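Participant: For reference, each letter of the sequence shown is one residue, going 3 to 67 in our numbering.
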Amino acid sequence: MLPHVTAPKIHSQYARAREAEGRYKEAVVAYENAKDWDSVIRYVVTVTMTTSQLYITDVAPGATF
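1) Can you have a look at His13 and say buried or exposed, based on whether 16 or more other CB atoms are within 10 angstroms of its CB?
2) Which value, in whole angstroms, describes the spacing of the CA atoms of Ala36 and Arg20?
3) Buried or exposed: which applies to Ala22, given that a residue is buried once 16 or more other Cβ atoms fall within 10 Å of its Cβ?
4) So, at 6 Å on beta carbons, what are the nonlocal neighbours of Lys27 in its own chain, with the 5 sequence-adjacent residues on each side left out?
5) Suppose contacts are defined by Cβ-Cβ distances below 8 Å. Is Val47 in contact with Tyr33 by that definition?
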């Protein structure tokens, strides 16, 4: 049903609900459908930062950057 919805506000509400449930991939798709680029970028930056921090912690424990 959601692919037939064209109202960005509905997609934004759906995205916030998916994000609250921890279903981030679905949330990003809904944010894209809502054309809420700030939220898409926020998600990408958050995931990238978290992944980088995990990688740095695994590779060089105790290192400061």
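Ideal Cβ positions, reconstructed from N, Cα and C, are used throughout, including at glycine. Because the structure is a prediction, the values reported are computed rather than measured.
Facilitator: Walking through what the data contain:
1) Stepping through the sequence shown from its first residue, residue 13 is reached at position 11. With a 10 Å radius around the Cβ and a threshold of 16 neighbouring Cβ atoms, His13 comes out buried.
2) Against the sequence shown, residue 36 aligns to sequence position 34. Against the sequence shown, residue 20 aligns to sequence position 18. Put simply, the backbone Cα of Ala36 is about 14 Å away from that of Arg20.
3) Position 20 of the sequence shown holds residue 22. The residue in question, Ala22, is exposed, as its Cβ has fewer than 16 Cβ neighbours within 10 Å.
4) Reading the sequence shown from its first residue, position 25 is the one you call residue 27. Excluding sequence neighbours, Lys27 sits near nothing in its chain.
5) Your numbering for residue 47 matches position 45 in the sequence shown. Your numbering for residue 33 matches position 31 in the sequence shown. It is not a contact, given that the beta carbons lie outside the stated cut-off.
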